[in-house]
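Below: one structure, written as structure tokens.
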Amino acid sequence: MMSRTLLWLMASLAFASLTSLADGAPLKVMSAPNLLRVGTAENIFVECQDCTGGNIPVQINVVNHPAKSTTLTSTSVTLTSERNFQELGQITIPADSFSKDPTMKQYVYLQAQFPDHLLEKVVLVSFQSGYIFIQTDKTLYTPNSKGQFNTELHNC
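For the sequence shown, full-length UniProt numbering assigns the number 1 to the initial residue and increments by one for each residue that follows.
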């Protein structure tokens, strides 16, 4: 009897969550890397699915974690019907707000403020940049030629 009640409760919760998503309201989306590099320009994608009508201003903010007391950087984009209500915003996080300790994990809040809705996620911050060096045995390759290469990965 207990398992049947639990099953009905779970089914009811699942149905309630589906109906809240299917209420006909446009879906706001923010997509970003799961790791933001300090001092490097990063692209943040924002979208309003099933939107119609006029332009939609969106403010993209990077806020300190966990206090949310300081906005570290921000940019604004405008979603338009000509671009299918999709836009890329570019942010660069300044290095002066973080500890230089490489063993310490540091985070920020990434926010996309739509006129009627706030999207927010916690994102890991890194000071490392990566480079790939490729060394080949020939200066020029033709489509059917074979060669050898050596790769090196460097974190800076």
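Glycine residues also receive a C-beta, built at the ideal position from the N, C-alpha and C atoms.
For Ser81, no pairing in a beta bridge is given by DSSP. Rounded to whole angstroms, the separation of the alpha carbons of Ile56 and Lys121 is 21 Å. Separation of Thr52 and Thr73 (C-alpha to C-alpha, rounded to the nearest whole angstrom) is 29 Å.
Looking only at Thr142, Asn144, Asp137, the smallest Cα-Cα distance to Thr151 is reached by Asp137.
Per the C-alpha coordinates, the member of Phe149, Asn43, Gly24, Phe98 positioned closest to Asp50 is Gly24. Around the beta carbon of Leu124, fewer than 16 other beta carbons lie within 10 angstroms, which makes this residue exposed.
In the three-state reduction of the DSSP assignment, Ser74 falls in the strand class, which pools E and B. In the DSSP assignment, Gly89 is bridged to Ile44. In this structure the segment 83-91 touches the segment 29-48; the number of beta carbon pairs closer than 8 Å is three or more. For a cut-off of 8 Å, the C-beta gap from Asn64 to Thr70 is around 5 Å, short enough to register as a contact.
Counting other Cβ atoms within 10 Å of its Cβ, Gln128 stays below 16 and is therefore classed as exposed. For Pro66, the closest of Gln106, Arg37, Glu82, Tyr131 by C-alpha to C-alpha distance is Gln106.
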